[in-house]
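Here the structure comes first, spelled out in structure tokens, and everything after it is commentary.
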Amino acid sequence: MQLQQEEPCYYSNQSSPVEVYTEWDPLEEVIVGIIDDIRIPEWDLGLDAVIPKKSKSFFKQNAGKRFPKELLALAKKEVDILADILRSEGVRVRRPNKVNHHQTIMTPHFTTGGGFYSAMPRDCLFAIGKKIIEVPMAWRSRYFETFAFREILNDYFSKGAEWFAAPKPMLKDSLWHPNHDCEQEVRFKSVINELEPIFDAADFMKIGRDIIGQRSHVTNNKGIEWLRRLLGKDYRIHIYEFDDSSPMHIDTTILPLAPGRVLINKAWVSKVPDLFEIGKS
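Okay, so the sequence shown: first residue is -4 according to the numbering used here, each after it adds one.
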């Protein structure tokens, strides 16, 4: 028997089109979501923990339905204009494929009426360095959300990007604390436990070798540790707790704008994280 000598794969010699280290470097290419259709998810503890009080009745009463057409039209117009502005500035804009969000999602551990939307690549994909990572999201309606972006991911991989997918979570009922107080207005307690790695990409911000993040109702410690191990010693992950009792996505709380400049939500940030103090490296 003779060992077959394989020639180097074409894909192994490509230079990655994905290379991002901060939230403020000049854009060359970006993925902008689409808002052609949004399906309101089934009401559950995960939604109850983060949906504002004034909107809860709407979500409960309209679970499984499409968002009102007039709201969709306005949102679609805004996102499409954003894409046009980016193109006018010389940025290459990629858009996901259209997906039927009204197909039932069924796994060995749960069944739900369908998906959510393809509007927020910032939530489901984490780009860092030459890597792009599909994240393990907490909402059942977002279980296959990255599939709308798979054609783009395949293209990036073919051109040299490092493409990873976190372990698909089981999302059993036991992931959520059954007695969680969804009206809490005191110190944050997450609705999810540590049963398996869970995180949204939007709970992290890139600042060169440093990444700031938070635990939230969609990100747990095990998810943070999974990301830390994947990235290894090249990056340092700093986790902060802010004054938001119902956190979901850190960009509503703190946003690095440029070297030495950070935008904060004063309602939720009583103390600027020490990473941003003068003299810190």
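Ideal Cβ placement from N, Cα and C applies to all residues, glycine included.
- The three-state reading of DSSP puts A44 in coil, since its state is none of H, G, I, E or B.
- As the crow flies, the alpha-carbon of D198 is around 6 Å from that of Q209.
- Rounded to the nearest angstrom, the gap between the Cα atoms of Y138 and D118 is 12 Å.
- Counted as a single uninterrupted DSSP element, the alpha helix (DSSP H) harbouring K64 occupies residues 64 to 83.
- Annotated three-state conformation of G227 is helix, per DSSP.
- Closest by C-alpha distance to A70, out of D32, G41, F53, H96, is D32.
- Taking every protein chain shown into account, the CB of R135 has 16 or more other CB atoms within 10 angstroms, so this residue is buried.
- Secondary structure at S11: coil, using DSSP grouped into helix, strand and coil.
- Counting the other CB atoms within 10 Å of its CB gives H212 a total of 16 or more, which places it among the buried residues.
- Pairwise C-beta distances place the region 7 to 22 in contact with the region 152 to 161, as three or more of them are shorter than 8 Å.
- Only residues of its own chain outside the window of five on either side were considered, and among them P131, P162, P164, M165, L170, K217 have a CB closer than 8 Å to the CB of E191, listed in chain order.
- Distance from the CA of D176 to the CA of A44, rounded to the nearest whole angstrom, comes to 8 Å.
- When DSSP states are grouped into helix, strand and coil, K126 belongs to the strand group.
- Residue range 145 to 153 is occupied by the alpha helix (DSSP H) that includes L148, with no beta strand (DSSP E) assigned at that position.
- For L258, the beta-bridge partners assigned by DSSP are L250.
- Per DSSP, reduced to three states, the secondary structure at T102 is coil, with no helix or strand assignment.
- When Cβ pairs closer than 8 Å are counted between the two stretches, the region 67 to 87 is seen to touch the region 17 to 35, the count reaching three or more.
- By the criterion of a C-beta distance shorter than 8 Å, E18 is surrounded in its chain by M200, K201, I202, L250, P251, L252, once the five residues flanking it on both sides are discounted.
- The straight-line gap separating the alpha-carbon atoms of S241 and V94 is approximately 30 Å.
- Looking from the CA of N215, the closest CA among K184, Y230, S265 belongs to K184.
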